[in-house]
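Here's the structure we're looking at; comments come further down.
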Amino acid sequence: MNDPMMILKADHREVKRLLTALAESEEGAERERMCADVTAALKLHMEIEEKILYPVIEKQIGAEDAEEANIEHGLAREGLSTMGKMVAMPGFGAAAEMLKGGITHHVEEEETELLPELKEKLDRAEWLALGDAIAAAKAAAGAPVPPPARRRSAKRKVSAKK
Ligand SMILES: [Fe+2]
Ligand SMILES: [Fe+2]
Numbered sequence: 003m004n005d006p007m008m009i010l011k012a013d014h015r016e017v018k019r020l021l022t023a024l025a026e027s028e029e030g031a032e033r034e035r036m037c038a039d040v041t042a043a044l045k046l047h048m049e050i051e052e053k054i055l056y057p058v059i060e061k062q063i064g065a066e067d068a069e070e071a072n073i074e075h076g077l078a079r080e081g082l083s084t085m086g087k088m089v090a091m092p093g094f095g096a097a098a099e100m101l102k103g104g105i106t107h108h109v110e111e112e113e114t115e116l117l118p119e120l121k122e123k124l125d126r127a128e129w130l131a132l133g134d135a136i137a138a139a140k141a142a143a144g145a146p147v148p149p150p151a152r153r154r155s156a157k158r159k160v161s162a163k164k
């Protein structure tokens with residue numbers, strides 16, 4: 003029982019945290035490692051959304067919203083590629099900031115528009131099944147999955163018994 007919003011938000015926060023650190027980083031091995039980490043994390047996140055989430059968004063919300071989100075992923079891939087090429091160059095910090103700016107816009111749309119709208123359209127079982135599919139895809143790729151919020155569901159069970 004995984005909440006898709008919780009997993010995707012955790013990914014968004016982690017990517018933003020890494021990009022903020024990268025923008026302030028100095029040239030060297032640590033920067034290269036962080037750059038590789040954020041590239042892997044963001045690529046996986048986008049692949050999972052494109053494969054699992056966006057087709058449902060296309061069906062439930064609209065083709066235009068799904069298309070816009072896919073185009074924004076294209077921009078993020080370009081930003082990642084530019085940043086990767088500049089890892090040992092002056093101006094790297096600006097490349098990291100530009101990518102972060104684009105991602106911030108996209109993430110805001112997902113967190114405040116697309117996902118809440120989708121949650122409205124799906125019943126609870128469908129919503130959680132989406133979360134489970136996302137968690138399974140992350141786990142299959144060897145990426146960490148945040149544990150489901152057990153306390154809330156436990157509370158719900160207790161109140162349902164009354
Ligand atoms: Fe996305
Ligand atoms: Fe996302």
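The sequence shown begins at 3 in the numbering used here and counts up one residue at a time.
Cβ atoms here follow ideal geometry from the backbone N, Cα and C, with glycine treated the same way.
Item to complete: Using only alpha-carbon positions, find the residue among Leu55, Tyr56, Val89 and Leu77 that is nearest to Met36.
Response: Val89
Worksheet entry | Nearest residue (CA-CA) to Met48, options Gln62, Gly64, Ala68 and Ala31 | Ala68
Worksheet item: Is His47 near ligand 2, in the sense that its beta carbon is under 7 Å from a heavy atom of that ligand?
Response: yes
Practice prompt. Answer yes or no: do Leu82 and Leu44 have a C-beta to C-beta separation smaller than 8 Å?
Written response: yes
Practice prompt. Give the straight-line distance between the Cα atoms of Val109 and Tyr56, rounded to the nearest whole angstrom.
Written response: 14 Å
Worksheet item: Is His107 near ligand 1, judged by its Cβ being under 7 Å from some heavy atom?
Response: His107: no, Cβ never under 7 Å from ligand 1.
Item to complete: Thinking Leu132 and Ile54 are a contact (beta carbons under 8 Å), I'd like their distance in whole angstroms, please.
Response: About 7 Å separates the two Cβ atoms, so the contact holds.
Fill in: Coil, strand or helix - Pro6 by DSSP
helix
Worksheet item: By Cβ distance, which residues of its chain are closer than 6 Å to Phe94, with the 5 residues on each side in sequence left out?
Response: Met88
Practice prompt. May I ask whether a heavy atom of ligand 1 can be found less than 7 Å away from the beta carbon of Glu112?
Written response: yes
Item to complete: Return the CA-CA distance between Ala156 and Glu112, expressed in angstroms with no decimal places.
Response: Legend: pLDDT at Ala156 = 49, less than 50; position of this residue unreliable, no value from coordinates given.
Worksheet entry | Assigned secondary structure, Asp67 (DSSP; H/G/I helix, E/B strand, else coil) | helix
Item to complete: Please list, in chain order, all residues of the same chain as Leu77 whose beta carbon is under 7 Å from its beta carbon, the five residues on each side excluded.
Response: Gly104
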